[in-house]
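Heads up: the protein sequence lines correspond to chains D and A, in order. For the first sequence, the working numbering assigns the number 145 to the last residue and increments by one with no breaks. For the second sequence, the working numbering assigns the number 145 to the last residue and increments by one with no breaks. Ideal placement from N, C-alpha and C gives every residue a C-beta, glycine not left out. Report on the structure given below.
2 protein chains.
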Amino acid sequence: MALISKSSEYGLRAALYIAARPDEAHVSVREMSAQMDISFHFLTKILQRMTRAGLLASTRGAKGGLALAQPAAKITLLDIVRSVEGDDLFRECLLGLAGCGEKRPCPLHRHWAKERARIEKLFRKMTLARLARETARDGLRLAD
Amino acid sequence: MALISKSSEYGLRAALYIAARPDEAHVSVREMSAQMDISFHFLTKILQRMTRAGLLASTRGAKGGLALAQPAAKITLLDIVRSVEGDDLFRECLLGLAGCGEKRPCPLHRHWAKERARIEKLFRKMTLARLARETARDGLRLAD
DNA sequence: TTATTTTAAGACCCGGGAGTCTGAAAATGG
DNA sequence: CCATTTTCAGACTCCCGGGTCTTAAAATAA
Ligand code: FES
Ligand code: FES
Numbered sequence: 002m003a004l005i006s007k008s009s010e011y012g013l014r015a016a017l018y019i020a021a022r023p024d025e026a027h028v029s030v031r032e033m034s035a036q037m038d039i040s041f042h043f044l045t046k047i048l049q050r051m052t053r054a055g056l057l058a059s060t061r062g063a064k065g066g067l068a069l070a071q072p073a074a075k076i077t078l079l080d081i082v083r084s085v086e087g088d089d090l091f092r093e094c095l096l097g098l099a100g101c102g103e104k105r106p107c108p109l110h111r112h113w114a115k116e117r118a119r120i121e122k123l124f125r126k127m128t129l130a131r132l133a134r135e136t137a138r139d140g141l142r143l144a145d
Numbered sequence: 002m003a004l005i006s007k008s009s010e011y012g013l014r015a016a017l018y019i020a021a022r023p024d025e026a027h028v029s030v031r032e033m034s035a036q037m038d039i040s041f042h043f044l045t046k047i048l049q050r051m052t053r054a055g056l057l058a059s060t061r062g063a064k065g066g067l068a069l070a071q072p073a074a075k076i077t078l079l080d081i082v083r084s085v086e087g088d089d090l091f092r093e094c095l096l097g098l099a100g101c102g103e104k105r106p107c108p109l110h111r112h113w114a115k116e117r118a119r120i121e122k123l124f125r126k127m128t129l130a131r132l133a134r135e136t137a138r139d140g141l142r143l144a145d
């Protein structure tokens, strides 16, 4: 079971792809879908959501494409994932019970809430800028 | 997006339900499905998998039902979840890339692997006995 | 034996995420 | 103007996890 959806995975990979670009030029969906082996049309839909959320800036027509709408240091993983799959990530009960919280905790709440908070913090603190830097420094991969 | 599947959630809740029973009597699927508001037939399928995995012992016929096949102190959350949804939990890349590992890490591997290991450890160390004890002591809930 | 209660097993269905396809609209270059 | 390249928008199909249903088999009680 994956922590995030396929859509979020693709959105993160695309954001990293754009941020890792040295120049500021726009990147086309066509190029990203080819380089990372992701369905062009499906990736398009995901990036549209991120554009509407104000994370990306799009330009149509020849020489068009997508670029970051904010400095890479301002965009966090949480921003991206939330823009793609909604806000209630990191708020759900591990056992799927309704109303996760201190008021009516399930047997695993105390233990799970602690780990969940750590992951949420990781996503909230990690910026595209930092990841792009690490990616370039260590030559990390964005595809299989 | 949930960390574990609905099937695992139900399997965990049922295991806790059985472990929380003071007496050693067998518990019927019918009772558990009613008490926790889970589909009877669906819960049956999940508990069958746990039975085949050697976690539960089943007895058919009148007065039959399910019981733990091992002492509650020997059964971990990891045992249960693995029996329900396979072994490659806690081994997958956060970005969904094939072959997660130190050899060909993705940009998030270093950060994600650390958190993933903590959760895996939590599941590996936590026993039904301990959870049942805490559940009884604090009157925690197993249903909405 | 017969009826009842329970798990075991597997076929079946359904809804939603994942992915495809078609046709626009916008921008550029000639 | 026209042709090309790109994003935008939405309808459409496919697949599988989640859930239902039916039948068999095992055990108990009368
Ligand atoms: S109530 Fe279950 S994790 Fe919070
Ligand atoms: S390779 Fe991506 S998390 Fe390990």
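(1) Mind listing, in chain order, the continuous alpha helix (DSSP H) runs of no fewer than 4 residues lying wholly within the stretch 8-68 of chain D?
(2) Pull up the distance between the alpha-carbon of D:Leu98 and that of A:Ala35, whole angstroms please.
(3) Scan the stretch 116-138 of chain D for residues whose Cβ lies nearer than 9 Å to a Cβ of chain A and list them as they occur along the chain.
(4) Comparing alpha-carbon positions, which option in D:Lys115, D:Ile81, D:Gly140 lies nearest A:His110?
(5) Can you list, in chain order, the stretches of the alpha helix (DSSP H) that have 4 or more residues and sit fully within the stretch 70-105 of chain D?
(6) Does the beta carbon of D:Leu13 fall short of 7 Å from some heavy atom of ligand 2?
(7) Give me whichever residues DSSP pairs with D:Ile128 in a beta bridge.
(8) Can a CB atom of chain A be found closer than 8 Å to the CB of D:Pro108?
(9) Give the single residue among A:Asp89, A:Lys46, A:Gly55, A:Val30 whose Cα lies nearest to the Cα of A:Gly62.
(10) With a 10 Å radius around its C-beta and 16 neighbouring C-beta atoms as the bar for buried, classify A:Arg125 as buried or exposed.
(11) Taking only three categories from DSSP, how would you classify A:Leu141?
(12) Scan the stretch 70-100 of chain D for residues whose Cβ lies nearer than 7 Å to a Cβ of chain A and list them as they occur along the chain.
(13) Verify the CB distance criterion: does D:Lys7 have a CB-CB separation below 8 Å to chain A?
(14) Are three or more beta carbon pairs between the stretch 5-13 of chain A and the stretch 65-73 of chain A nearer than 8 Å?
(15) For D:Ile5, does the three-state DSSP call read helix, strand or coil?
(16) Please classify A:Leu109: does DSSP put it in a helix, a strand, or coil?
(17) In angstroms, rounded to a whole number, what distance separates the CA positions of A:Trp113 and D:Arg50?
(18) Between A:Ala114 and ligand 2, is the CB less than 7 Å from at least one heavy atom?
(19) To the nearest angstrom, how far is it from the Cα of D:Leu67 to the Cα of A:Ala144?
(20) Regarding A:Leu98 and ligand 1, is the C-beta to nearest heavy atom distance less than 7 Å?
(21) Counting only the same chain and skipping the five closest in sequence on each side, list residues whose C-beta sits under 8 Å from that of A:Tyr18.
(22) Under the assumption that A:Ala3 contacts D:Glu93 (Cβ atoms under 8 Å), give the Cβ distance between them as a whole number of angstroms.
(23) In angstroms with no decimal places, state the Cα-to-Cα distance between D:Leu13 and D:Ile81.
(24) Quick one: is A:Leu143 near chain D, going by C-beta distance under 8 Å?
Put simply:
(1) Contiguous alpha helix (DSSP H) elements confined to the stretch 8-68 of chain D occur at 30-37, 41-53, taking only those with 4 or more residues.
(2) 16 Å
(3) Of all residues in the stretch 116-138 of chain D, Glu116, Arg117, Arg119, Ile120, Leu123, Met127, Leu132, Ala133, Glu135, Thr136 have a Cβ within less than 9 Å of some Cβ in chain A.
(4) When only C-alpha atoms are compared, the closest one is D:Gly140.
(5) Those alpha helix (DSSP H) runs which fall completely within the stretch 70-105 of chain D and span 4+ residues are 78-86.
(6) no
(7) Reading off the sequence, residue 128 of chain D comes out as Thr, not Ile. According to DSSP, which records beta bridges pairwise, D:Thr128 is partnered with D:Thr77.
(8) yes
(9) A:Val30
(10) By the neighbour-count rule (16 or more Cβ atoms within 10 Å), A:Arg125 is not buried but exposed.
(11) Coil at A:Leu141, not helix or strand.
(12) Glu86, Leu90, Glu93, Leu95, Leu96, Gly97, Leu98, Ala99
(13) Chain A, which has a Cβ nearer than 8 Å to the Cβ of D:Lys7, makes this yes.
(14) no
(15) coil
(16) coil
(17) Approximately 25 Å, taken between the alpha carbons.
(18) Within the cutoff, so yes.
(19) About 46 Å.
(20) no
(21) Cβ within range, chain order: Val28, Met33, Gln36, Met37, Leu143.
(22) 6 Å
(23) 7 Å
(24) With 8 Å as the cut-off, A:Leu143 counts as an interface residue toward chain D.
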